Structure formats: structure tokens, C-alpha cells
Amino acid sequence: MAVAPKKLDIHAGDVVEIESQRYELVPDKRGGLALEPAATTTVSELDRRHGTRPSTEEEIKAQLGCLPRDGEG
Amino acid sequence: MDHVLVDGGRFAFDEDIWMEEVHRYRENNAARSSAIRARAEIERPGSQVPLRGCNEHGPDGTRLAGCAKVYVPIGTSASQSPYGFVFALRADRRTGTVELRLIAFGERHPSAGRSTYERAHKRLHGRYPDQE
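Sequence order for the protein chains is F and G. In this text, residue positions in the first sequence follow numbering that gives the first Met the number 0: the first is 0, and each later residue adds one. In this text, residue positions in the second sequence follow numbering that gives the first Met the number 0: the first is 0, and each later residue adds one.
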């Protein structure tokens, strides 16, 4: 017997909760939509929470050194 | 040298970010276990953590200027580390001290779903690269 799908009025960008896990509806890069575990807290919110700001290149170099990059991401 | 060693005391983990990034994997999942072990290593007193810079413009469309990454498991070669933490480099407004705050964890090259780099991009810019 075919399963009748539940019809939900949700759209890309909406956040839903399924079995206590929050998901965001996002493009799946193939023209459709997919559920991705939510990533809701932004870096701006972290700055407000902790009293921080973006580090400057000079600060990074002085305190951590030159960070090598490998071109991956 | 493909990385620098940074004092583990500079790393910071917010619990809501940790829950969204690591606890999205089921218990006993390899990714989740690896993240828990790696965090314990980072937070061990005296730890020196291998750190690499992220790309201002990644090949996947991500823009992660001001971010750095730690491959997980820590201490293995890049090719043997399927996962990664991405940290945002932030400075204390009063003291200028640089800290590394976790913004993403996950597979570096997932077969499905978003990579750790894409999730970091989302937290930085509010949307995924292909949504811009």
C-alpha cells in the first residue's frame, strides 16, 4: 500500500524540529531541497555574547604567527 | 610546515554551537566520537594544537577570511583526517587578545550534506554559498 505523504507548508530557509533535532530546509545543489541540521547561531551573535570583534591580520600574525593555507577551504 | 602550533588555551567552545555541530551526529558515530576526543585534546592543559588558515575564497564558493581550521583526528596527516573544526578568529574588544571560537565541525569532503566549510560559511554570512 502506498504511503500518503504528509503535506507541510514549509519553504527554503524554514527551520523545523523532528524528534528533538532542529533542521533547516536548504537547496540540495541539484535543484531540490534537503533537510540540513540547523546552524542557527551566527558569528555576530557570538561577538555580542562575548564582547569580541573580528581579529585583524596584524593581531593574528603577532599572536599566532603566519597561518599556512592548503587551498581546500 | 603546513601548520602552526597554537596554545590550546586560546580555543573556545560555545555549548549551543557544540550541540548543533557535534550532537547532530548520532551517539557512537565516528564523527561525533572524533570531535569529543579532539576537543579533550585541545582543552588538555599545555596542549599545542596544529592550526591552518582558511581560504578567503575557497574552491567550493566558501568565504572564510578570518577563520582557521584543525583537522580531526588531531596529529594525523591531512589525508587521514576526514573531519575538521573551523574556528573564527576573534579579538577581545578590551584587550585585543585573539581567541579561536568554534563555528563548525563536520566532514571535510562529505558524500552528502554540507561540508564543515559550508557550515562555517553559513554561520559567518547567514546563508550557504549557493544561496547567495
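Note that CB positions come from ideal geometry on N, CA and C, so glycine has one too. Keep in mind the model is a prediction, meaning the values are calculated, not measured.
| Query | Result |
| --- | --- |
| Verify whether the separation of the beta carbon atoms of glycine 12(F) and glutamate 23(F) is less than 9 Å. | yes |
| Do leucine 88(G) and leucine 101(G) count as a contact pair if the criterion is CB distance below 9 Å? | no |
| For isoleucine 16(G), would you say it is in contact with chain F, using Cβ-to-Cβ distances shorter than 9 Å as the test? | yes |
| I'd like to know whether the C-beta atoms of valine 97(G) and serine 19(F) end up nearer to each other than 9 Å. | no |
| My output table needs one value for aspartate 6(G): the three-state DSSP class, helix, strand or coil. | strand |
| With a threshold of 16 other CB atoms inside 10 Å of the CB of alanine 30(G), please say whether the residue is buried or exposed. | buried |
| I'd like the span of the alpha helix (DSSP H) that includes valine 42(F), first residue to last. | 42-49 |
| Taking just the CA atoms, how far does arginine 92(G) sit from alanine 119(G)? | 22 Å |
| With a threshold of 9 Å between beta carbons, is isoleucine 59(F) in contact with chain G? | yes |
| Could you give the first and the last residue of the continuous alpha helix (DSSP H) run that contains glutamine 154(G)? | Chain G is shown only over 0 to 131; residue 154(G) falls outside these bounds and no answer can be derived. |
| Write down the C-beta distance between tyrosine 116(G) and threonine 61(G) rounded to the nearest angstrom, noting that I regard them as a contact closer than 8 Å. | 5 Å |
| Would you call the segment 42-58 of chain G and the segment 6-25 of chain G in contact, with 3 or more CB pairs under 8 Å? | yes |
| What in chain F is Cβ-close to glycine 112(G), meaning under 7 Å? | Glu35 |
| Could you tell me the alpha carbon to alpha carbon distance between glutamate 57(F) and leucine 63(G), rounded to whole angstroms? | 17 Å |
| Kindly indicate if chain G contains any beta-carbon less than 9 Å away from that of glutamate 71(F). | yes |
| Mapping DSSP to helix, strand and coil, what is lysine 68(G)? | strand |
| Measure the CB-CB distance between phenylalanine 86(G) and alanine 111(G) and report whether it falls below 9 Å. | no |
| Which chain G residues are close to valine 42(F), counting only those with a beta carbon under 7 Å from its beta carbon? | Ala87, Ile102, Arg122 and Leu123 |
| Quick one: list the residues of chain F neighbouring glutamate 19(G), beta-carbon separation under 9 Å, in chain order. | Arg21, Pro36, Ala37, Ala38, Thr39 and Thr40 |
| Strictly below 7 Å CB to CB, what residues from chain G border glycine 64(F)? | Val3 |
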